[in-house]
Amino acid sequence: MTTTSALAPVVGTELRLRFRDASFPLLIAVVLSAAALLVPAPTASYATITVDGRRLLMSADASLTAAGVVLSILLLPLFALSFDVGHVRDGEHGLDRLHLTTPVRAGAIAAGRLGANLVAVLTVTVLSLLVISSTIYARSLGVPSTSAVSIFLLLVAPVAIAAVALGALLDRYVGLRTGLRTFVAFAVWFAAMLASALGGRDLFGVSYLRQVIVPGGRPGSLAVGAISARGLASMPWTDTPLTPDLVWSRTLLAAMLTMLLVLLSITIRFRLGIAERSAAGLDASLVADRAPVKARHVRTSVVTSGRATLPLTIYVVVSRWLVRSRLSVALILITLSLAARSGAASSAAFAAALAIPAVIVSKTSRREAQVAAALESTTSALRRPTSTLSYCWMLALVALLPALPALVRTNAMQASTAVIGLLAATMWLTWAHRCALRPVLGTSTFAALWYLSVFNHPPASADVFGLWGANPQALVASALMAACAFALIVRYDRG
Amino acid sequence: MELHFDGLTLATRDRTRLIAPTTVTISPGVTALLGSNGAGKSTLLRAIVALHPLEAGTVRLGRYDHRRDHAEFLAHAVFMPQNFTAYPDLTAKEFLTYFLRLRGVSKVEANQRASYWLSAVGLEKATNQRTGVFSQGMLQRVGFAYAMQSEAALYVMDEPFAGVDPEGRAALTDLMFDVARDRVVLLSTHHIEEVTSRGAAVARIADGALSLETGHPA
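Below is the structure:
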């Protein structure tokens, strides 16, 4: 069996698995929605790029170029956390045993999967290009030129390839540790952004932006992301030349990253046993976990079933969470207390509190499903209205408690937005981890939203966590997000 | 081809000895591997296809050594693990076709073989259903088809009948004995009478030793 003849079935099967996986359409929807938002109307309350505190009035070509830079920044962690080489997946399904006993070389399987991932990310890139171009056309800016399309692809494609490589490395070497995986992906992302901002190795094309926005000079302050644009002055930007320097540097970068993929496919060795270790770990933890749970129920057998057992259930579940994630939660609580002592803005406390459900869910949900099943057989309290919703509410409560001092300091509308936003985030994370079993998707989308909310001063309608003040639009957006997450969970719980 | 163990010595990953140095030749036909729980049956089956390291000795299929001629050995062998699983988002036919194509079978032939074996194991109505909705018994049948369709010289099967109903077991046993006329089938099973009554040889692991109690006629 040659490597090349194995590629076709591996690529075909991998693409089939990707397109049938529920998280892939969701990922496409997230990316395309983000892509549509990357072309703000001239009167929009937000901008994606500002220079020296001024928003840009862009031509069609400039809009496409700007969208390309922002999209490439957004895509790196999202793609890296969404596209793997099937190492963890095969281990969890027990299919590593079958692959390792076929005559095909591991390198061929890795190469085929990396190739399929490239096809998938480039498909999403092209779809994004179509959405952005359509939005530009709908804004009456005209149709972007061929050179602008080339610039867009030169900006985004290398990042997509880098994301595939990073995703493969995370899958192979970080594996089941979802929290660490997300942390590493965002650390690499942050490092890449820092390098771009400092004018070093530029993965995202920020240096090109600097050159073309203010020809002949470096803009003093270039901000890229989701930026509130109310009351900002504006400046025109229309010229986006397809310079030989850009073509050469981006093509070279893409070629080097492709070589990295080839190198990865040669060197990645699939390892047997991730499922066995995982299963053994689960069994052991379940044995260890069940004992105290049963003991507590035996000890309190005088308590009748139904709502009377709710406090006990909450106590058992919450204490488990806190024990499992004690270090991370302790760090967050220290941050919160420092924020409270220094009189920092409530937004800092809300931002820190939002990290609590993410930490707890990522540390406990793999085992939690089994433990919850054990708990549900002993109490009916968790079943009202659905067990997963009760789980979410408890989790939201745990996250809210340390943020209470900040909540009472703020006004009712902002506090409501923060509470509903936190509940929405909790429900989304719980759905992704416990129901859909897509922990990476859940954590990465949450982390991206958290980052955009905390560090980018988004427009009011996108401030879904209520971090930037009281606003009815934020409250509505937050409630909509919570309603969607609520519907996902109820749909799951009712089968 | 015959399966030959030469000085085979097996231990667990924490170096607990499971099988003392053994030299055994297993001829074509069905051979049932017996032993108490924890004796090392599954470990031996996994070691044959190089999923578990040997402490010492060699495993050969015909002239192919399982480590030195790894790819050739695996091209002539197939392993059906315990508690068979499949990609839940693939149909049974897509799953079987994929693994046949990994063995170098052409797309057309892989489709034909997969359809044939799915019918043979009683899953003709579930051919185009995703395996995510299958019961464990149905997955075992898919696993059985997975092994049989490969047309290998050696079939290594760990509890292939687990979770399969009695009628299904009888049908699968018939298929297995048909295939095993000129091939080596080595399996562990709790339904030992069902295979020994059909003339299967017995290999036993007891007290850290592997022995062939009854063999196929030479």
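First to last, the protein sequences are chains V and U.
Each residue of the first sequence is one higher than the one before, starting from 1 at the first, in my numbering.
Each residue of the second sequence is one higher than the one before, starting from 496 at the first, in my numbering.
Glycine included, C-beta positions come from ideal geometry on N, C-alpha and C.
Neighbour flag for residue i against chain U, beta carbons, 8 Å
i      : result
V/V104 : yes
V/L56  : no
V/R20  : yes
V/S23  : no
V/R296 : Annotation note: pLDDT 34 at V/R296 (below 50); position unreliable, no value reported.
V/T13  : yes
V/A477 : no
V/I274 : Reliability of the predicted coordinates at V/I274 is poor, the pLDDT of 47 falling under 50, and the value obtained from them is presented with this limitation in mind. Taking Cβ atoms only, chain U never reaches closer than 8 Å to V/I274, which makes this a no.
V/P292 : Low confidence applies here, because V/P292 scores a pLDDT of 33, under 50, leaving its location unreliable and the question unanswered by this model.
Cross-chain neighbours of residue i in chain U, by beta carbon under 9 Å
i    : result
V/L9 : The sequence as given places Pro at residue 9 of chain V; Leu does not occur at that position. Those are T592, Y593, F594, L595, R596, L597, K602, A605, listed as they occur along chain U.
Within chain V, partners of residue i - CB distance below 8 Å
i      : result
U/F574 : R97, L98, T101
U/Y611 : The premise fails here: U/Y611 is roughly 19 Å from chain V at the closest Cβ pair, so nothing lies under 8 Å.
Test: residue i CB closer than 8 Å to a CB of chain V
i      : result
U/A570 : yes
U/E646 : no
U/E589 : yes
Those residues which DSSP pairs with residue i across a bridge
i      : result
U/V519 : U/F500
U/I514 : U/L505
U/M652 : U/M575, U/L682
U/I700 : U/G530, U/L705
U/V525 : U/V680
U/R625 : U/T586
V/Y46  : V/S228
Contacts of residue i in chain V (Cβ-Cβ under 7 Å)
i      : result
U/H544 : The residue asked about is misnamed: residue 544 of chain U is Val in this sequence, not His. What U/V544 touches in chain V: T101.
Proximal residues of chain U, C-beta to C-beta of residue i below 7 Å
i     : result
V/H93 : T580, Y582
V/A6  : L597
Neighbouring residues, chain U, relative to residue i (Cβ below 8 Å)
i     : result
V/L17 : Y582, D584, L585
Contact list for residue i against chain V, beta-carbon separation under 9 Å
i      : result
U/A566 : M1, P103, V104, R105
Residue i: CB within 7 Å of a non-hydrogen atom of the ligand HEM
i      : result
U/T626 : Questions concerning the ligand HEM fall outside what the structure shown contains, since it holds no ligand whatsoever.
Exercise. Residue ranges of each alpha helix (DSSP H) run of no fewer than 4 residues wholly in the stretch 48-116 of chain V, ordered along the chain?
Worked result: 60-82, 87-93, 96-99
Exercise. Is the stretch 155-172 of chain V close to the stretch 77-86 of chain V, with three or more CB pairs under 8 Å?
Worked result: Contact holds: three or more Cβ-Cβ distances are below 8 Å.
Exercise. Is there contact between the stretch 565-585 of chain U and the stretch 505-514 of chain U, where contact requires at least three CB pairs shorter than 8 Å?
Worked result: no
For this session: Report the residue ranges of all beta strand (DSSP E) runs contained in full by the stretch 221-253 of chain V; include only those spanning at least 3 residues, in chain order.
Result: 222-228, 234-237
For this session: Give a yes or no on contact between the stretch 534-544 of chain U and the stretch 500-510 of chain U, applying the rule of three or more CB pairs nearer than 8 Å.
Result: yes
Problem set entry | Entirely enclosed beta strand (DSSP E) segments - the stretch 546-623 of chain U, minimum 3 residues | 551-556, 572-575
Exercise. Pairing CB atoms from the stretch 627-647 of chain U with CB atoms from the stretch 586-602 of chain U, are three or more of them under 8 Å?
Worked result: Contact holds between the stretch 627-647 of chain U and the stretch 586-602 of chain U, because three or more Cβ pairs, one in each stretch, are under 8 Å apart.
For this session: Report yes or no: do three or more beta-carbon pairs, one from the stretch 123-143 of chain V and one from the stretch 36-47 of chain V, lie closer than 8 Å?
Result: yes
For this session: Say whether the stretch 556-570 of chain U touches the stretch 613-630 of chain U, bearing in mind that this needs 3 or more beta-carbon pairs closer than 8 Å, one atom from each stretch.
Result: no
Exercise. Can you list, in chain order, the stretches of the alpha helix (DSSP H) that have 4 or more residues and sit fully within the stretch 406-476 of chain V?
Worked result: List check, alpha helix (DSSP H) in window: 412-430, 439-455.
Exercise. Is the number of C-beta pairs between the stretch 64-73 of chain V and the stretch 224-235 of chain V that are closer than 8 Å three or more?
Worked result: yes
Exercise. Would the stretch 518-536 of chain U and the stretch 681-699 of chain U be scored as touching if the rule is three or more Cβ pairs under 8 Å?
Worked result: yes
For this session: Indicate whether the contact test is met: 3 or more Cβ pairs, each with one atom in the stretch 658-673 of chain U and one in the stretch 685-697 of chain U, closer than 8 Å.
Result: yes
Exercise. Which runs of the beta strand (DSSP E) fall wholly inside the stretch 121-175 of chain V and span at least 3 residues, in chain order?
Worked result: none
For this session: Would you check if the stretch 184-201 of chain V and the stretch 418-432 of chain V touch, i.e. whether three or more CB-CB distances between them fall below 8 Å?
Result: no
Exercise. Using 8 Å as the Cβ pair cut-off and three pairs as the minimum, do the stretch 255-269 of chain V and the stretch 230-237 of chain V touch?
Worked result: no
Exercise. For the 8 Å Cβ check, are there 3 or more pairs between the stretch 612-622 of chain U and the stretch 575-583 of chain U?
Worked result: no
For this session: Pair every Cβ in the stretch 462-477 of chain V with every Cβ in the stretch 402-421 of chain V, then say whether three or more of these pairs are closer than 8 Å.
Result: yes
Exercise. Between the stretch 187-196 of chain V and the stretch 14-29 of chain V, are three or more C-beta pairs nearer than 8 Å?
Worked result: no
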